[in-house]
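Q: Just so we're aligned: the sequence shown equals residues 1 to 300 in this note's numbering.
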Amino acid sequence: MSADGGTAWLITGAGGQLGRDLRAVLAEQAEDDVTALRRAELDLTDQAHVRSVVRTWARAAADRGRRPVLLNAAAYTAVDAAEDDEDTALLVNGAAPGWLAEELAGVGRLVHVSTDYVFDGTSTVPYTTADRPAPRTAYGRTKLAGERAVAAVGDDAVVVRTAWVYAAHGSNFVRTMLRLRDERPEVTVVDDQTGSPTWARDLAAGLVEAAASDVRGLLHATNGGATTWFGLARRVFEYSGADPERVRPTTSADFRRPAERPAYSVLDGAGWTAAGLDALPDWESSLRCCLRELGVLAVS
Ligand SMILES: NC(=O)c1ccc[n+]([C@@H]2O[C@H](COP(=O)([O-])OP(=O)(O)OC[C@H]3O[C@@H](n4cnc5c(N)ncnc54)[C@H](OP(=O)(O)O)[C@@H]3O)[C@@H](O)[C@H]2O)c1
1 MSADGGTAWL
11 ITGAGGQLGR
21 DLRAVLAEQA
31 EDDVTALRRA
41 ELDLTDQAHV
51 RSVVRTWARA
61 AADRGRRPVL
71 LNAAAYTAVD
81 AAEDDEDTAL
91 LVNGAAPGWL
101 AEELAGVGRL
111 VHVSTDYVFD
121 GTSTVPYTTA
131 DRPAPRTAYG
141 RTKLAGERAV
151 AAVGDDAVVV
161 RTAWVYAAHG
171 SNFVRTMLRL
181 RDERPEVTVV
191 DDQTGSPTWA
201 RDLAAGLVEA
211 AASDVRGLLH
221 ATNGGATTWF
231 GLARRVFEYS
241 GADPERVRPT
251 TSADFRRPAE
261 RPAYSVLDGA
271 GWTAAGLDAL
281 PDWESSLRCC
291 LRELGVLAVS
């Protein structure tokens, strides 16, 4: 394989929050060899198709003198639905990353994304990559299986755990809060789950940087700082010009969901910066950037 001609990028899950922002970041960086496949074009439950598409793409990229780099932004992310559909989640989150790693072994690089849900959330200090995973949900178990499937191939791959991802598009907490701001006089939000809200655009830029480096193994990457969902909701209201007092706190016990949410999700990014990668910005400044992109930022 020659890398002289630059990089050929393949994005899976290209229609998702991260997938769309990966496309945006690569476009900003004037990358000219980007293949972006949505679920309709590459369904990660179809092993034969996945292997064939990745193999063909990687070979063609190498033939063009390009270094093949696959950014896997596809995942079964419906955390509650996964409780009743763990087999499908396991295919997408657990098995498919291994197929991608196998097809790329010796020919290209894989950047795979994982989650804070691999931990049980009982810590009170940020989780490091050395901490023992102990998922409490089907989603977390399947994502952990995916990490292990990639590691088992042990080739040119990096797995990046992140948390609390939102974007200017797609279905996410920040957009939900903006909608509720317009629909209800008050919203009630849990104040006993702590994490680091992470703008998909910053994560995408970080993943592209990690892809271009030679780092391998397991890393953590989130925006800096931490808050609760209540704290995040209040900032969404405040930064978009609404009264943050309209956001009221509640507890997880009063807001039961099919899948248990980790009480504490903060990830220690020391390995990320030690690998020479730029720390992602503080969550509050990135939230303002996202709200500016949405045209609703009311503060400077
Ligand atoms: N969102 C978070 O808070 C969060 C937190 C920690 C880690 N992560 C991880 O970050 C990564 C990106 O997540 P995201 O926030 O961008 O999620 P997302 O917006 O739900 O995007 C996931 C994408 O994967 C696609 N997908 C689902 N099943 C698929 C299949 N069988 N084959 C191919 N594609 C499939 C979805 O397609 P459809 O739109 O058609 O369903 C969607 O476009 C994932 O690895 C996720 O586990 C996310």
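For every residue, glycine included, the Cβ atom is placed at its ideal position computed from N, Cα and C.
This one's a predicted model, so the numbers in the text were calculated from it and none came from an experiment.
Return yes when the C-beta of A73 is under 7 Å from any heavy atom of ligand 1, and no when it is not.
A: Sequence index remark: in the sequence shown, residue 73 carries index 73 (1-based). It does: the Cβ of A73 is within 7 Å (strictly closer) of some heavy atom of ligand 1.
Q: Using 8 Å for Cβ pairs, my map puts A82 next to Y139. What's the rounded Cβ distance?
A: Start at 1 with the first residue of the sequence shown, and residue 82 comes out as number 82. Start at 1 with the first residue of the sequence shown, and residue 139 comes out as number 139. Contact flag correct, Cβ pair sits at about 4 Å.
Q: Ligand 1 and V189: does any heavy atom of the ligand fall closer than 7 Å to the residue's C-beta?
A: Taking the sequence shown and counting its residues from 1, one reaches residue 189 at position 189. The answer is no for V189.
Q: Do D21 and R201 have their C-beta atoms within less than 8 Å of each other?
A: As a working note, residue 21 is residue 21 in the sequence shown. As a working note, residue 201 is residue 201 in the sequence shown. Taking 8 Å as the Cβ cut-off, D21 and R201 qualify as a contacting pair.
Q: Write down the C-beta distance between T129 and L219 rounded to the nearest angstrom, noting that I regard them as a contact closer than 8 Å.
A: Position 129 of the sequence shown, counting from 1, holds the residue named residue 129. Position 219 of the sequence shown, counting from 1, holds the residue named residue 219. Right, their Cβ atoms sit about 7 Å apart.
Q: Looking at ligand 1, does it come within less than 7 Å of G16, judged from the CB to the closest heavy atom?
A: Along the sequence shown, read from residue 1 onward, the residue named residue 16 stands at position 16. At least one heavy atom of ligand 1 is found less than 7 Å from the C-beta of G16.
Q: Does the pairing of the stretch 229-248 with the stretch 166-182 give three or more beta-carbon distances under 8 Å?
A: In short, these stretches touch, since the Cβ pair count reaches three.
Q: What residue range is occupied by the uninterrupted alpha helix (DSSP H) comprising L100?
A: Taking the sequence shown and counting its residues from 1, the one referred to as residue 100 is at position 100. Taken as a continuous stretch (DSSP letters only), the alpha helix (DSSP H) holding L100 covers A96 to L104.
Q: Do T124 and E260 come within 8 Å of each other at the CB atom, strictly closer than that value?
A: The count along the sequence shown starts at 1 and reaches residue 260 at position 260. The count along the sequence shown starts at 1 and reaches residue 124 at position 124. No, Cβ-Cβ distance for E260 and T124 is not below 8 Å.
Q: Using a threshold of 7 Å, is the CB atom of L44 nearer than that to any non-hydrogen atom of ligand 1?
A: Numbered from its first residue, the sequence shown carries residue 44 at position 44. Answer for L44: yes, Cβ within range of ligand 1.
Q: Using C-beta distances below 6 Å, list every residue in its chain close to D278, excluding the 5 sequence neighbours before and after it, in chain order.
A: As a first step, residue 278 is located in the sequence shown; it is residue number 278 there, counting from the start. Excluding sequence neighbours, D278 sits near nothing in its chain.
Q: I need the DSSP call for A40, collapsed to helix, strand or coil.
A: Here residue 40 refers to the residue found at position 40 of the sequence shown. Note: A40 maps to coil in three-state DSSP.
Q: How about A40 and G94: are their beta carbons less than 8 Å apart?
A: Sequence index remark: in the sequence shown, residue 40 carries index 40 (1-based). Sequence index remark: in the sequence shown, residue 94 carries index 94 (1-based). The answer is no: Cβ separation not under 8 Å.
Q: Taking the C-alpha atoms as reference points, what is the distance between S2 and A24?
A: Position 2 of the sequence shown holds residue 2. Position 24 of the sequence shown holds residue 24. With a pLDDT of only 41 at S2, under the threshold of 50, the placement of this residue in the model should not be trusted, and no figure is reported.
Q: Fully enclosed by the stretch 202-266, which beta strand (DSSP E) runs are 3 residues long or longer?
A: Whole beta strand (DSSP E) segments, 3+ residues: 217-220 and 247-250.
Q: By Cβ distance below 7 Å, which residues in the same chain neighbour D80 in space, the five residues on each side in sequence not counted?
A: Stepping through the sequence shown from its first residue, residue 80 is reached at position 80. Excluding sequence neighbours, D80 sits near R257, P258 and A259.
Q: Which of the three DSSP states is assigned to Y166 in this structure?
A: Stepping through the sequence shown from its first residue, residue 166 is reached at position 166. Here Y166 sits in strand by DSSP.
Q: Please find out if some non-hydrogen atom of ligand 1 comes closer than 7 Å to the beta-carbon of D12.
A: Counting from one through the sequence shown, the residue named residue 12 turns up at place 12. Sequence check: residue 12 is Thr here, not Asp. Checking every heavy atom of ligand 1 against the Cβ of T12, one is found closer than 7 Å.
Q: With a Cβ-Cβ cutoff of 8 Å, do T188 and A226 count as a contact?
A: On the sequence shown, residue 188 is found 188 positions in, with the first residue counted as 1. On the sequence shown, residue 226 is found 226 positions in, with the first residue counted as 1. No, they are not a contact pair.
Q: For my contact list, Y76 and T142 are in at a C-beta cut-off of 8 Å; report their separation, rounded to the angstrom.
A: As a working mapping, residue 76 is identified with position 76 in the sequence shown. As a working mapping, residue 142 is identified with position 142 in the sequence shown. Going by Cβ atoms, the distance from Y76 to T142 rounds to 7 Å, so yes, they are a contact pair.
Q: Note down, in chain order, each residue of its chain lying with its Cβ closer than 8 Å to the Cβ of A275, except the 5 sequence neighbours on either side.
A: Counting from one through the sequence shown, the residue named residue 275 turns up at place 275. The answer, listed in chain order, is A210, S213, V215 and L219.
Q: Is any heavy atom in ligand 1 found nearer than 7 Å to the beta carbon of T389?
A: Residue 389 cannot be examined here, being either before or after the span of the chain that is shown, 1 to 300.
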